[in-house]
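Down below is the structure, laid out as structure tokens.
Protein chains: 2
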Amino acid sequence: MKIAYLGPIGSYSYEAANRFFAEEQEKNLVACDTIDDVFETIEEERADFGVVPVENSIEGSVSTTLDYLLKSKVYIVKEIVLKVEHYLCAREETKQILTIASHPQAFSQCHDYLRKNFKEAKLIQVSSTSYAARMCAGGEVDAAICSLFAAQQNNLKVLAGPINHDNNYTRFFVISKNPNFEKGEKNKTSIIFSTYDKPGSLYKILAIFNLYDLNLTKIESRPAKTNLGEYVFFVDIEGFVDDEDVSDALKVVQRKSTFFKLLGSYSVVCPDSDNKN
Amino acid sequence: MKIAYLGPIGSYSYEAANRFFAEEQEKNLVACDTIDDVFETIEEERADFGVVPVENSIEGSVSTTLDYLLKSKVYIVKEIVLKVEHYLCAREETKQILTIASHPQAFSQCHDYLRKNFKEAKLIQVSSTSYAARMCAGGEVDAAICSLFAAQQNNLKVLAGPINHDNNYTRFFVISKNPNFEKGEKNKTSIIFSTYDKPGSLYKILAIFNLYDLNLTKIESRPAKTNLGEYVFFVDIEGFVDDEDVSDALKVVQRKSTFFKLLGSYSVVCPDSDNKN
């Protein structure tokens, strides 16, 4: 089984892929440079599954994932929720720390710790925490703020952590070319629909979900890139696509919207906790 | 007048700040390393205005801005919408291009151009397009993909561009400690509210906007960090806070939600086009 993920090795997507496909005996994890590459790899069937961040406070952009879900022919088949914890890591324990590399958002999330302990250190902003770990291993900086996983991958020593303030979780989607939706214990269904830019048009669609007693766990509007003033809505619904209420509601929503796409119906896996949507 | 913005010099926030405050004779633009720093600078009144990206496909995370709008005591006083265009830039025109630096999303947006013209070049991912321009100026890479502005700031020659595919716009907020809301030609009002995680609770709030014929230009749900299963909704409404319908609707929304915050009421400035919300 071939699994494409947003690389490099040691990224949070790598961790998600590894943990989710842990049982898989014969797996081949393929790092992609960008979220675009993961989607293209799946569309062109060069891998069986792809793992991309969707609500991600660290590695990159949700919008890229949402845009690709809108335009590409792939389906969501699983959601993985991972706890994000940052560690201060270095090659050796004793060296003075004058430069620290990490992703800007990781710096944000470790703001209090850094202000207290490394007020004078120079913070080097790089594109991912795993890249920071690699830079540190290569001796380009004294320390990196990264995941435990990235530290292990790069043979770094953990000096402190977790050093981030928030109780941080990141959502990943497992995507596939085939809509093989599998029902689990906790399920969600994701759709995209469009309405015209008129007062009350979203409200009318939400009335349908309300009628069928469906709970929305996420709603997000984005400008549709086709027509100006037209919007697309990304909505996650609690429930599986073959539940009667879900199935009936979606039929009506499809009829009453100007654009409709079923992104997937999938179970949610949270290896870290009893937590989270 | 002191204006804090998400730096470094040449960033899209810098461009937004410069263009919006172009008429201002005595202005002092202060670069901040992170969005956090911009908000803190404004909260502690070390600057009069701050400029941060809010729906931004390039430089960083919207979520950080949204999180700070939720928790900090600052107001939105203006929205600026800028067109985002990427250029391929280098120190000299003739040198062979083997390495190109940029932000991962800028690479995504120039994907077709790069694939066609620089299939073999090594792409170096960095935290911002302006940092890429600086690296290029310093000779660390052969070329950078950045804004025209960043190219000028770093004395780079423009080799090609705009090279991005999408018609890309980025929204910025001007924030201030004082709620000096000024009505313009096109106005918006931004609020945050919470509802309990029950089917239909969002629907009931939207019914209020519907009743008063208000159009929502954006709606986004985010998990509230206080109680699990509770959500906050970020909503932008067309209209100014002293319009009768807006004012009346907000009173009802405030009464019917578990949490309510007025983020600001402001006019929208689009120097680049006749376009955009």
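In order, the protein sequences belong to chains A and Y. Residues 1 to 277 in full-length UniProt numbering are what the first sequence lists, from first letter to last. Residues 1 to 277 in full-length UniProt numbering are what the second sequence lists, from first letter to last. Glycine included, every Cβ here is placed at the ideal spot set by N, Cα and C. Quick caveat: nothing in here was measured; it's all calculated off a predicted structure.
**OP:** Could you check if residue 82 of chain Y is buried or exposed, using at least 16 other CB atoms within 10 Å of its CB as the buried criterion?
**Re:** Mapped onto the second sequence, residue 82 of chain Y falls at position 82. Buried, by the Cβ-count rule.
**OP:** Jot down the residue ranges of each uninterrupted beta strand (DSSP E) in the region 79-120 of chain Y, minimum 3 residues, whole runs only, in chain order.
**Re:** Correct list: 87-90 and 99-102.
**OP:** Determine the extent of the alpha helix (DSSP H) in which residue 152 of chain Y is found, giving its start and end residues.
**Re:** As a first step, residue 152 of chain Y is located in the second sequence; it is residue number 152 there, counting from the start. Start and end: 148-153.
Subject >> For residue 264 of chain A, the nearest candidate out of A/242, A/255 and A/271 (CA to CA) >> reply: Along the first sequence, one-based indexing puts residue 264 of chain A at 264. When each option's Cα is compared against that of residue 264 of chain A, the closest is A/242.
**OP:** Might you give, ordered along the chain, the residues of its own chain that have their beta carbon closer than 6 Å to the beta carbon of residue 160 of chain Y, omitting 5 neighbours on each side?
**Re:** Numbered from 1 along the second sequence, position 160 holds the residue referred to as residue 160 of chain Y. Excluding residues within five positions, the ones whose Cβ falls inside 6 Å are 88.
Original post:
Which of helix, strand or coil does DSSP assign to residue 189 of chain Y?
Top reply: The residue labelled residue 189 of chain Y in the question sits at position 189 within the second sequence. For residue 189 of chain Y, the three-state secondary structure derived from DSSP is strand.
Subject >> Exposure of residue 134 of chain Y, with buried meaning 16 or more beta-carbon neighbours within 10 Å >> reply: For the purposes of this step, residue 134 of chain Y is taken as the residue at position 134 of the second sequence. Classification of residue 134 of chain Y: buried, given that the 10 Å Cβ count is 16 or more.
Original post:
Which bits of chain Y does residue 237 of chain A rub up against, with CB to CB less than 7 Å?
Top reply: In the first sequence, the residue the question calls residue 237 of chain A occupies position 237. Simply none; closest approach about 10 Å.
Original post:
Does residue 107 of chain Y get closer than 8 Å to chain A when you measure Cβ to Cβ?
Top reply: Walking along the second sequence from the start, residue 107 of chain Y turns up at place 107. Residue 107 of chain Y counts as touching chain A.
Original post:
Hey, is the region 62-73 of chain A in contact with the region 27-47 of chain A, meaning 3+ C-beta pairs nearer than 8 Å?
Top reply: Output reads yes: the region 27-47 of chain A touches the region 62-73 of chain A.
**OP:** Would you kindly check if the distance between the Cβ of residue 123 of chain Y and the Cβ of residue 137 of chain Y is under 8 Å?
**Re:** What you label residue 137 of chain Y is simply residue 137 of the second sequence in a count that begins at 1. What you label residue 123 of chain Y is simply residue 123 of the second sequence in a count that begins at 1. For residue 137 of chain Y and residue 123 of chain Y, no; Cβs fall outside 8 Å.
Subject >> From A/141, A/8 and A/235, residue whose alpha carbon lies closest to that of residue 51 of chain A >> reply: Taking the first sequence and counting its residues from 1, one reaches residue 51 of chain A at position 51. Taking only the C-alpha atoms, the option nearest residue 51 of chain A is A/8.
Original post:
When we look at the beta-carbon of residue 25 of chain A and count the other beta-carbons within 10 Å, is it buried (16 or more) or exposed?
Top reply: The residue given as residue 25 of chain A occupies position 25 in the first sequence. Flag for residue 25 of chain A reads exposed.
Subject >> N- and C-terminal bounds of the beta strand (DSSP E) containing residue 168 of chain A >> reply: Numbered from its first residue, the first sequence carries residue 168 of chain A at position 168. Residues 168-176.
Original post:
Is residue 24 of chain A helix, strand or coil when you go by DSSP?
Top reply: Position 24 of the first sequence, counting from 1, holds the residue named residue 24 of chain A. Under the three-state reduction of DSSP, residue 24 of chain A is assigned to coil, being neither helix nor strand.
**OP:** Leaving aside the five residues before and after residue 259 of chain A along the sequence, list all residues of the same chain whose C-beta is less than 8 Å from its C-beta, in chain order.
**Re:** Residue mapping note: residue 259 of chain A aligns to position 259 of the first sequence, counting from 1. Result list for residue 259 of chain A: 192, 193, 194, 224 and 232, in chain order.
Subject >> Cβ of residue 2 of chain A within 8 Å of any chain Y Cβ >> reply: Here residue 2 of chain A corresponds to residue number 2 of the first sequence, with the count starting at 1. No, no contact with chain Y.
Subject >> CB contact check: residue 221 of chain A to chain Y, cutoff 8 Å >> reply: To locate residue 221 of chain A, count along the first sequence from 1; it is residue 221. At least one chain Y Cβ lies under 8 Å of residue 221 of chain A.
Subject >> Residue nearest to residue 33 of chain A in terms of C-alpha spacing, selected from A/68, A/17 and A/11 >> reply: Taking the first residue of the first sequence as position 1, residue 33 of chain A is located at position 33. Comparing Cα-Cα distances from residue 33 of chain A to each of A/68, A/17 and A/11, the minimum goes to A/11.
Original post:
Helix or strand or just coil, what does DSSP make of residue 63 of chain Y?
Top reply: As a working mapping, residue 63 of chain Y is identified with position 63 in the second sequence. Correct three-state label for residue 63 of chain Y: helix.
Original post:
If you count every other CB in all the chains shown that lies within 10 Å of the CB of residue 203 of chain Y, and 16 or more means buried, which is it?
Top reply: Within the second sequence, numbered from 1, the residue matching residue 203 of chain Y stands at position 203. The residue is buried, with at least 16 neighbouring Cβ atoms inside 10 Å.
Original post:
Which residues, taken in chain order from the region 117-128 of chain A, show a beta carbon closer than 8 Å to some beta carbon of chain Y?
Top reply: Within the region 117-128 of chain A, the residues whose Cβ lies closer than 8 Å to some Cβ of chain Y are 123, 125, 126, 127 and 128, listed in chain order.
Subject >> Beta carbon proximity, residue 215 of chain Y to chain A, threshold 8 Å >> reply: As a working note, residue 215 of chain Y is residue 215 in the second sequence. Flagged as an interface residue toward chain A: residue 215 of chain Y, by a C-beta distance shorter than 8 Å.
**OP:** May I ask you to report which of helix, strand or coil DSSP gives residue 124 of chain A?
**Re:** Position 124 of the first sequence, counted from the first residue, corresponds to residue 124 of chain A. In the structure shown, the three-state DSSP call for residue 124 of chain A is strand.
Subject >> Inter-residue Cα distance where the pair is residue 147 of chain Y and residue 256 of chain Y >> reply: Here residue 147 of chain Y corresponds to residue number 147 of the second sequence, with the count starting at 1. Here residue 256 of chain Y corresponds to residue number 256 of the second sequence, with the count starting at 1. Taken atom to atom, the span from the alpha-carbon of residue 147 of chain Y to that of residue 256 of chain Y is near 45 Å.
Original post:
CB residue 103 of chain Y to CB residue 162 of chain Y, shorter than 8 Å?
Top reply: Walking along the second sequence from the start, residue 103 of chain Y turns up at place 103. Walking along the second sequence from the start, residue 162 of chain Y turns up at place 162. It is not a contact, given that the beta carbons lie outside the stated cut-off.
Original post:
For residue 266 of chain A, which option in A/110, A/28 and A/190 has the closest C-alpha, if you only look at C-alpha atoms?
Top reply: By one-based count along the first sequence, residue 266 of chain A stands at place 266. Nearest C-alpha to residue 266 of chain A: A/190.
**OP:** Show which residues of chain Y have a CB atom less than 7 Å away from the CB atom of residue 112 of chain A.
**Re:** Residue mapping note: residue 112 of chain A aligns to position 112 of the first sequence, counting from 1. Residues of chain Y whose Cβ lies closer than 7 Å to the Cβ of residue 112 of chain A do not exist, since the nearest Cβ in that chain is about 11 Å away.
Original post:
What does residue 202 of chain A reach in chain Y if we use C-beta pairs closer than 8 Å?
Top reply: Here residue 202 of chain A refers to the residue found at position 202 of the first sequence. Within 8 Å Cβ-Cβ: 206, 216 and 219.
**OP:** Give a yes or no on whether the minimum CB-CB distance between residue 243 of chain Y and chain A is below 8 Å.
**Re:** For this step, residue 243 of chain Y is matched to residue 243 along the second sequence. Chain A contact via Cβ: absent.
Original post:
Is residue 62 of chain A near residue 186 of chain A, with beta carbons less than 8 Å apart?
Top reply: As a working mapping, residue 62 of chain A is identified with position 62 in the first sequence. As a working mapping, residue 186 of chain A is identified with position 186 in the first sequence. Judged by beta-carbon spacing, residue 186 of chain A lies beyond the 8 Å limit of residue 62 of chain A, meaning their Cβ atoms are not closer than that value.
Subject >> Distance between residue 254 of chain Y and residue 206 of chain A (C-alpha atoms, nearest Å) >> reply: As a position in the first sequence, residue 206 of chain A is number 206, starting the count at 1. As a position in the second sequence, residue 254 of chain Y is number 254, starting the count at 1. Cα to Cα, residue 206 of chain A sits roughly 20 Å from residue 254 of chain Y.
Subject >> Minimum Cβ-Cβ distance from residue 164 of chain Y to chain A less than 8 Å >> reply: Here residue 164 of chain Y refers to the residue found at position 164 when the second sequence is read from its first residue. No, its Cβ sits nowhere closer than 8 Å to a Cβ of chain A.
Original post:
By Cβ distance below 6 Å, which residues in the same chain neighbour residue 48 of chain A in space, the five residues on each side in sequence not counted?
Top reply: Within the first sequence, the letter at position 48 stands for residue 48 of chain A. Contacts found: 1 and 2.
Subject >> Short Cβ contact (8 Å threshold) for residue 144 of chain Y with residue 100 of chain Y >> reply: In the second sequence, residue 144 of chain Y corresponds to position 144, counting from 1. In the second sequence, residue 100 of chain Y corresponds to position 100, counting from 1. Between residue 144 of chain Y and residue 100 of chain Y, the C-beta spacing is below 8 Å.
Original post:
With DSSP run on the structure shown, which of helix, strand or coil describes residue 214 of chain A?
Top reply: Numbered from its first residue, the first sequence carries residue 214 of chain A at position 214. In the three-state DSSP reduction, residue 214 of chain A falls in the coil class, being neither helix nor strand.
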